[in-house]
DNA sequence: ATGCCTTTCCCAGAAAGA
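Residue numbers (the working numbering): 5 to 265.
Written as structure tokens, this is what we have:
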């Protein structure tokens, strides 16, 4: 079974590349983030033509997450209890969707950016992590394979950014954000470390600006956090940086995990 | 270096991303 996660930065803008990549990589399940469409505007037809079913949770201009599966799509959950919302609990954002696919429980996550330390969005990011942890605790502890996949918007370690000195006073590397990841791992989840297809670092994101991709100025912020039942089944994991090349690419590359369940 | 690019809203330029 092949599962994958990809922040596509607009599913409509990325549709030709998404269809091409589904054909090339042939994942059984693909988690998408930043679809940037409402549920009724998701371009399901070309995806369904390839044999996938779609669970989408979107809201239009921003955010939006989905799970595409050709091995079943059961018990879909949109959002989670305790989501703090932004700017308040009256305004929930479409950042989490879950489904059970072929007996594997998977969450597609788009963690809030945080903008800058001390910003209300940063406070929201940390609260969102804490609520997510509580919401998935029981599923993670079960005997069935389980994983959180998506754009976590945190680089777990200094080696996960191209130059940590450039991130002084910036989000994605602060101790509270990394502590939020550690608290997820404390649920018994393991960071499924991908191999890089080129170079030493399995980055998953390169900014559009300044030729970052060609200068290898990337970040590993798209992650797969797996419980023991899933982690022990991993046979391979890699970042498909080919998908970041050329015109019309997302600023994120897909992260692929192969399982022998 | 207060940007660099890309996307959305929708047609002008702001907001957001990370």
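Where is the CB? At the ideal position from N, CA and C, for every residue including glycine.
In this text the structure is predicted, and so the values were computed from the model without any measurement.
Rounded C-beta distance between residue i and residue j? I'm assuming under 8 Å.
i: residue 16; j: residue 47; result: 6 Å
i: residue 77; j: residue 110; result: Incorrect: roughly 10 Å between the Cβ atoms, too far for contact.
i: residue 100; j: residue 133; result: Rounded, the Cβ-Cβ distance is 11 Å, inconsistent with contact.
i: residue 235; j: residue 247; result: Rounded, the Cβ-Cβ distance is 24 Å, inconsistent with contact.
i: residue 41; j: residue 73; result: In fact, because the Cβ distance is near 19 Å, the residues do not count as touching under 8 Å.
i: residue 39; j: residue 69; result: 7 Å
Since residue i is in the alpha helix (DSSP H), which residue starts that stretch and which ends it?
i: residue 208; result: Premise fails: residue 208 is in no alpha helix (DSSP H) and is neither H nor E.
i: residue 96; result: Careful: residue 96 lies outside any alpha helix (DSSP H) and carries neither H nor E.
i: residue 193; result: Taken as a continuous stretch (DSSP letters only), residue 193 belongs to no alpha helix (DSSP H), as it is neither H nor E.
i: residue 17; result: 15–29
DSSP three-state label for residue i, please.
i: residue 188; result: helix
i: residue 150; result: strand
i: residue 174; result: coil
i: residue 265; result: coil
i: residue 167; result: coil
i: residue 138; result: helix
i: residue 132; result: helix
i: residue 103; result: strand
i: residue 240; result: strand
Please name the residue, chosen from the options, that lies closest to residue i on a Cα-to-Cα basis.
i: residue 137; options: 164, 118, 189 and 90; result: 189
i: residue 63; options: 114, 238, 6 and 73; result: 114
i: residue 31; options: 241, 213, 215 and 221; result: 241
Between which two residues does the beta strand (DSSP E) containing residue i stretch?
i: residue 53; result: Careful: residue 53 lies outside any beta strand (DSSP E) and carries neither H nor E.
i: residue 227; result: 226–230
i: residue 82; result: 78–82
i: residue 108; result: 108–114
i: residue 60; result: 57–61
With contact counted as at least three CB pairs below 8 Å, one residue from each stretch, are the region 166–181 and the region 37–57 in contact?
Taking a contact to require three or more Cβ pairs closer than 8 Å, the region 166–181 and the region 37–57 do not qualify as touching.
When the Cβ atoms of the region 223–231 are set against those of the region 140–159, are three or more pairs found closer than 8 Å?
yes
With three or more C-beta pairs closer than 8 Å as the rule, is the region 79–86 touching the region 117–127?
no
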